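Down below is the structure, laid out as structure tokens.
Residue numbers (full-length UniProt numbering): 1 to 106.
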């Protein structure tokens, strides 16, 4: 558990940096921010299991960045519903170890 918290903090730092560097017009499903959101969702699934929020309305037109990011985070985590915690941890580790996972994203 202690080791996971260290990994979690490192991922959060990298992810924050990636989100700050991603241009707002980026819409690729493999953009750095989408890779980070997927990593974050895998982390949540490994830590907590299925997301307890069953549905969330899509952000309205003109929504703030925070509202959009909250929705995207929920959508990523919710898409993993039913995945075991062990599988989420394995996929998370595989993605983190993948050479250039963030660098190669468009």
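C-beta atoms are modelled at their ideal positions from N, C-alpha and C, and glycine is treated no differently. Predicted, not measured: the structure shown is a model, and the values here were computed from it.
Top-ranked residue by Cα proximity to residue i, from the options
| i | options | result |
| --- | --- | --- |
| residue 54 | 42, 61, 76 | 76 |
| residue 34 | 68, 84, 82 | 68 |
| residue 37 | 98, 78, 86, 85 | 78 |
| residue 58 | 48, 87, 72, 49 | 72 |
Proximity below 8 Å, CB of residue i to CB of residue j
| i | j | result |
| --- | --- | --- |
| residue 39 | residue 89 | no |
Close Cβ partners of residue i (< 8 Å) along its chain, the five nearest in sequence each way excluded
| i | result |
| --- | --- |
| residue 74 | 51, 53, 56 |
| residue 66 | none |
First through last residue of the alpha helix (DSSP H) which encompasses residue i
| i | result |
| --- | --- |
| residue 93 | 85-97 |
| residue 69 | 65-78 |
Cβ-based neighbour list, residue i, same chain, cut-off 6 Å, excluding 5 preceding and 5 following
| i | result |
| --- | --- |
| residue 26 | Confidence at residue 26 is low in this model, with a pLDDT of 44, below 50, so the placement of that residue should be treated as unreliable; the coordinate-derived value is given next. Correct list: empty, nothing qualifies. |
| residue 42 | 88, 91, 92 |
| residue 80 | 41, 45 |
| residue 62 | none |
Neighbourhood of residue i by C-beta distance below 7 Å, restricted to the same chain and skipping five residues each side
| i | result |
| --- | --- |
| residue 46 | 85, 88, 89, 92 |
| residue 48 | none |
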